[in-house]
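Comments concern the structure below.
Protein chains: 2
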Amino acid sequence: MARASEQSSTYEQFLDHVRQLHYVQDANGVLQWDQQVMMPDAGTPARAKQSSAVSTLHHDLLTDERLGEWLDELDEADLGDEQRAVVREVRRDHERAVRVPADLVERISEASSNALPVWKEAKAEDDFSAYAETLEELVDLRREYAEAIDPDRDPYEVLFEEYEPYLGIDTAEDVLTRLRDELVPLIDDIADSDVSLADPFEGTYDDDTQHGLVEEALDVLGYDWDRGRLDTAPHPFSTGTQFDARVTTRFKPDEPLDAVGSTIHEFGHATYTLGLPQEQYGTPLGSNRDLSVHESQSRFWENHVGRSLPFWEFFAGTANDHLGTDATPRAFYEAANEVYDDNLIRVEADELTYHMHIILRFEIERDLIRGDLDVEEVPQVWNDKMEEYLGIRPDTDAEGCLQDIHWTNGAFGYFPTYTLGSVLAAQLNHHVRQDIADFDEQVRAGEFGEIHDWLTDHVHRHGARYTTDDLIQEATGESFTADHFLDYADEKYRALYDC
Amino acid sequence: MARASEQSSTYEQFLDHVRQLHYVQDANGVLQWDQQVMMPDAGTPARAKQSSAVSTLHHDLLTDERLGEWLDELDEADLGDEQRAVVREVRRDHERAVRVPADLVERISEASSNALPVWKEAKAEDDFSAYAETLEELVDLRREYAEAIDPDRDPYEVLFEEYEPYLGIDTAEDVLTRLRDELVPLIDDIADSDVSLADPFEGTYDDDTQHGLVEEALDVLGYDWDRGRLDTAPHPFSTGTQFDARVTTRFKPDEPLDAVGSTIHEFGHATYTLGLPQEQYGTPLGSNRDLSVHESQSRFWENHVGRSLPFWEFFAGTANDHLGTDATPRAFYEAANEVYDDNLIRVEADELTYHMHIILRFEIERDLIRGDLDVEEVPQVWNDKMEEYLGIRPDTDAEGCLQDIHWTNGAFGYFPTYTLGSVLAAQLNHHVRQDIADFDEQVRAGEFGEIHDWLTDHVHRHGARYTTDDLIQEATGESFTADHFLDYADEKYRALYDC
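Keeping their order, the protein sequence lines are chains S and L. Per this note's numbering, the first sequence starts with residue 1268, numbered consecutively. Per this note's numbering, the second sequence starts with residue 1268, numbered consecutively.
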């Protein structure tokens, strides 16, 4: 074991390198925010080169041999828990990066770039056959990628861990399967219900009106405008650091609640980022846990606050003022929670059926990557599953298996994190309500400070100190479970639809 | 001499490296644009780290030993003129970067950061003595910097070449001295003139009104909105690439022509950037020449178009519509060209007296760096020169030698490029009018295409292929000269002030 001063010096050098890595990655985040929010389209060729150059430098820093040497040295050193966590996180990223050959990274990046126009064209023409070969290439490349990282494990598991490293594919699969089995009957009952929920909206609402409304939603929820901003983007997202975490939204003329829900969703992401400790910026202790946890924060605010009756009892007046409507809190609540029995499109799905869209994609991509499904079978399997899970069948592949960009981007294993995040949100919701007994009263009074503090204290401030499963245990006192989500969904939607 | 295929392969590797360098630098440009235009203030600590990390990587690429080896190899190779120009430009940057020790770069960066609050405080308190030690340290560091680059040459010359490498300090000094000698009598005569120019503005004009006006100014001048955007910033600037060159402006409530002039100025910078060849993006052939040339493009449009009577004969109606005024073209023209005989502040100076502000700074910073002037003498010398050149004496150092941020930023040798750019703008103006005989008629008709094409053809499209002096020769058929500027100023202002 090295002497203390040597250890400290190694750790400091290591940490300085790690910080540079994070800073460079966040620099690229700024380039991407700008590209999606501010940049004129004509800037694309130059931005692609700038972004790729910065990514290459990031990759060089991550695969730097010195980093491997420091990690090995620190494995033998006497470190505290927090330092040990930093080493764990960096080792994981470093090892994945060094195991993948540079030329494979480049081939994947090139294949994804080339795939984009092919996918767009195939979707526009509703012609899956024009896309099949491209999809096959992407699947093959990602299997090669998974094999490079670990040839002895299920390639889908390896890819899933790219987005959610610490929940375990078995746990994830159990949760998704249980949701499939238990939500399908609930969705069937809702479809059979005679109840029709309120829809207080008529006509269209212009962008300025909707902007004013969502700005006020952010205001009342306590968004820290001094460390963020609100803009529009074709595909809303949130990005940034604990010093500057920004929100984007978009407006659909005839669905003002879409923007409200989407904005509150991104607010949830931003509050997670803003709750990370500032003094740890640039280290894993000042960085978010992975996608499931991030999504749990957005879904918590979107679903368990923004879609609740108490929230609308508080916010209906404001919404009416902006929209010129005269709807009751109950009407807003019902409109925000309608379950669509005829929707084929994931991004337009309601809170409940959304998960069937995800589970379907998860099953298909898992089988593709594992080699249990051929690319040509995808449209048929997709449509069969849609019929089985949601009772509807797409007429076209454009509305079916060609609708999402994820696979074209080379992302396999990403979809499940959407649902896992919602499941975790419900688990957190259960426990925050145990700790804050008058949760609903606080929401009804527009007081969100204590809820916010609970999440910061139980989740945000830890950064990536704990692995995901340990963080869930730490925050809720139990393992990751679908129980609370299923209870929540059952209770809420059976009441709403009287079924 | 290497074989052809080896040469080509060396050049290609070299060029790929050079492109990466440019891409990374432009990425940092995006971070800086965002910081000045979009970022909440609280983002500063994180942005500083991101920007510094990217700068460090840029510096590593620039000082890379392989780059030095390729340059040496290419010196022996059989290259075309354009390739030779690329090698020349990259060698210059590479050599300057490798000669300066990393720790000196860091000490300068740190000293500038530390100097900023000291300067702000000293300016706010009007207390030069609180800033003197800081200024001395900055001067010493920059002398050390110059000595590292070339111990055998005048340190001010070396620093000046950081911003304008190819005009020669002697030429620059001759031009500035000639301006000093010839403009002082003109300014005196104007001060003695009984003429008072029109001022058609009363009251204040809100930001939206001014924004509409400058947007339309950009429109009529032919700004390519598909490759740019207009925003506001505390200190207007333009930045970007030939794919995306953006303009910023600001609004003073009671001086709407300030925003018009400033916007047209930045438009000139942006048109230069947008005129660079796209296929050469990332190489010196697709990059701008240095600061004097850039400033010549902004000053050309600001002064020789935007401050001309024909422009206001075209634009007065539009301006009246936006501002709710009823002023004649002549009134706008006069208001845009008023010479202030009592202004102490550089950034508020008119077209003519501006240069006396610059010449004064040039003389002082030159003498400081050369060791011919002590820091403690700066306030006295500053005030004496103000009196000598402009007939006014600052009551406070806040309105005197503490007014600019440049020295605090560690920039010595930068100021002269402002005036050299204006001088070059007048030289280009003389020649473009020889080639476009009906220049004024075109401006009066709002037709700017041919003028724009002339500048693209004679200046922009060359990128940094030619050195500055060769570019001037190429574009105008003569060497850099103050003749045209002095003729222009004399003729215009003696007519305006009847003196």
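The beta-carbon is built from N, C-alpha and C at its ideal position, and this holds for glycine as well.
Going by alpha carbons, who is nearest to residue 1413 of chain L out of L:1407, L:1694, L:1422 and L:1406? L:1422
Which term fits residue 1354 of chain S, buried or exposed, when burial requires 16 or more other beta carbons within 10 angstroms of its beta carbon? buried
Close-in-space but distant-in-sequence residues of the same chain around residue 1642 of chain L (CB under 6 Å, 5 per side omitted): 1399, 1402 and 1403
Measure from the alpha carbon of residue 1476 of chain L to the alpha carbon of each residue in L:1564, L:1585, L:1309 and L:1707, then state which is nearest. L:1585
Quick one: list the residues of chain S neighbouring residue 1549 of chain L, beta-carbon separation under 8 Å, in chain order. 1316
Close Cβ partners of residue 1280 of chain S (< 7 Å) along its chain, the five nearest in sequence each way excluded: 1337
So what's residue 1271 of chain L in DSSP terms, helix, strand or just coil? Note that residue 1271 of chain L scores 48 on pLDDT, short of 50, meaning its location in the model is unreliable and no value can be drawn from it.
Would the region 1573-1587 of chain S count as touching the region 1508-1521 of chain S if we require 3 or more Cβ pairs under 8 Å? no
Between the C-alpha atoms of residue 1662 of chain L and residue 1647 of chain L, what's the straight-line distance to the nearest angstrom? 11 Å
contact_flag[the region 1328-1343 of chain L, the region 1277-1296 of chain L] where n(CB pairs < 8 Å) is 3 or more: yes
Per-residue DSSP class, three states only, for residue 1511 of chain S: strand
Buried versus exposed call for residue 1532 of chain S [16 or more other C-beta atoms within 10 Å across all chains shown]: buried
Please classify residue 1268 of chain S: is it buried, with 16 or more other beta-carbons within 10 angstroms of its beta-carbon, or exposed? Reliability fails at residue 1268 of chain S, whose pLDDT of 43 lies under 50, so the model's placement of it is uncertain and no value is given.
Please classify residue 1748 of chain L: is it buried, with 16 or more other beta-carbons within 10 angstroms of its beta-carbon, or exposed? buried
Could you work out which residue in L:1359, L:1351, L:1346 and L:1364 is closest to residue 1323 of chain L when comparing CA atoms only? L:1364
What's the C-alpha gap between residue 1270 of chain S and residue 1342 of chain S? With a pLDDT of 47 at residue 1270 of chain S, under the threshold of 50, the modelled position of that residue is not reliable, and the figure given next carries that caveat. Computed Cα separation, rounded: 14 Å.
Taking residue 1645 of chain L and residue 1631 of chain L to be in contact with their CB atoms under 8 Å, please state how far apart those CB atoms are, rounded to whole angstroms. 6 Å
How long is the line joining the alpha carbons of residue 1496 of chain S and residue 1456 of chain S, rounded to whole angstroms? 42 Å
Members of the region 1524-1548 of chain L near chain S, C-beta cut-off 7 Å: 1548
Among all the DSSP beta bridges, which residues are the ones paired with residue 1795 of chain L? Nothing in the structure corresponds to residue 1795 of chain L, since chain L is present only between 1268 and 1766.
Output yes if chain L places a C-beta closer than 8 Å to the C-beta of residue 1291 of chain S; else output no. yes
Taking a Cβ distance cut-off of 7 Å, strictly less, list which residues of the region 1744-1764 of chain S are near chain L, in chain order. none
Integer-rounded CB distance, given that residue 1447 of chain S should sit under 8 Å from residue 1760 of chain S: About 16 Å; that fails the 8 Å criterion.
Limits of the alpha helix (DSSP H) - the one that residue 1403 of chain S falls within: 1396-1416
Nearest residue (CA-CA) to residue 1440 of chain L, options L:1649, L:1715 and L:1625: L:1625
Amino acids of chain S, ordered along the chain, whose beta-carbon sits closer than 7 Å to that of residue 1493 of chain L: 1307 and 1309
Own chain partners of residue 1629 of chain L with C-beta closer than 7 Å, once the 5 adjacent residues on each side are dropped: 1443, 1682 and 1683
Between residue 1271 of chain S and chain L, is there a C-beta pair that is closer than 8 Å? Summary for residue 1271 of chain S: the model assigns pLDDT 48, below 50, so the residue's position carries little reliability, and this model does not support an answer.
When DSSP labels each residue in this structure, what does residue 1506 of chain L get in the three-state scheme? strand
Chain S partners of residue 1312 of chain L, CB-CB under 7 Å? 1510
Is residue 1519 of chain L helix, strand or coil when you go by DSSP? coil
So which residues on chain L does residue 1285 of chain S lean against when the C-beta distance must stay under 7 Å? Ordered by position in chain L, no residue passes the 7 Å Cβ test against residue 1285 of chain S, which lies about 11 Å from the chain.
Of the residues S:1737, S:1744 and S:1300, which one's Cα is nearest the Cα of residue 1499 of chain S? S:1300
Measure the alpha-carbon distance for residue 1460 of chain S versus residue 1766 of chain S and round it to whole angstroms. 6 Å
Sorted by chain position, which residues of the same chain lie with C-beta nearer than 6 Å to residue 1566 of chain L's C-beta, five sequence neighbours on each side aside? 1688, 1689 and 1692
Put residue 1471 of chain S into one of helix, strand or coil per three-state DSSP. coil
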